[in-house]
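Each residue of the sequence shown is one higher than the one before, counting from -9 in our numbering. Input: a single structure, listed below in structure tokens.
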Amino acid sequence: MTMSEMPKEEKARATLRQITEADAAGYRACLDRVAAERRYLAFTAAPPLQEVKFYIMAMLQRGLPFVVAVDAEGQVVGWCNIHVLPQTEHRVGFSHVGTVGMGLDAAWRGRGLGREMLQSVFDTAGRVGIERVELQVYASNESAVKLYRKFGFVTEGIKSRARKIDGQYDDIIMMARLRPPQSSGGAR
């Protein structure tokens, strides 16, 4: 099939860019659409807009990787981020660990956008000191598992029958990708 024979929506490309506070409502709407599918996320509806705004601002203030995919009309059709829990007095030693969160509207899947978004956040992750990237994915989401493996993620464990929704069980695969530690330049 040539480009001219492809349906209009197949030719469309999304643009990747860093999320901004102005994207909050669009990101929340996309999150809600993916959550409503009841297959890919741990929740079935997006959090309230104010919570979403707070999350975006916290991620931006900390310089953490967070991209959105935006269609030609400016609608958010996907996202990918790496969240790092802030270090506190009582939670130390994990500032090098990030967790991937991502999703794509159904109409935009299978176009390589997930790969592009992951590459984008990984490019930033190394610059902000993230050495270990983790994620959890439902075993039924075979295309995502395959994508993560292409990016060097390895399975670290499986939570059997961890989710039961609509009477169906799904395993959760815990995966991680490690970046070699940076040399401190000192004696070992």
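Built from N, CA and C at the ideal position, the CB exists for glycine as well.
Outcome for P55 when other beta-carbon atoms lying within 10 angstroms are tallied against a minimum of 16: buried
Three-state secondary structure assigned by DSSP to R23: helix
Per-residue burial, D156 [other beta carbons within 10 Å of its own, 16 or more giving buried]: Around the beta carbon of D156, fewer than 16 other beta carbons sit within 10 angstroms, so the residue counts as exposed.
Selection from Y30, G16, R52 that minimises the alpha carbon distance to Q40: G16
Alpha helix (DSSP H) segment containing S150, residue limits: Per DSSP, S150 lies in no alpha helix (DSSP H); the unbroken beta strand (DSSP E) holding it starts and ends at 144 to 155.
T5 versus T78: straight-line alpha-carbon distance, rounded: 36 Å
Coil, strand or helix - G100 by DSSP: coil
Simplified DSSP state of F56, which is helix, strand or coil: strand
CB-CB length for V90 against C20, believed under 8 Å: About 16 Å; that fails the 8 Å criterion.
For L168, the residue or residues it bridges with in DSSP: For L168, which the question treats as bridged, DSSP gives the partners R122.
Residues of its chain near M47, where Cβ-Cβ distance is below 7 Å and the 5 sequence neighbours each way are ignored: Exclusion of the five residues before and after M47 leaves E11 as the residues of its chain whose Cβ lies within less than 7 Å of its Cβ.
Close beta carbons around D161, own chain, < 7 Å, minus the five adjacent residues each side: A129, I148, K149, S150, R151, A152
Segment contact flag, the region 132 to 148 with the region 105 to 116, C-beta cutoff 8 Å, min 3 pairs: yes
Whole beta strand (DSSP E) elements within the region 23 to 49, 3-residue minimum: The beta strand (DSSP E) runs of length 3 or more contained entirely in the region 23 to 49 do not exist; there are none.
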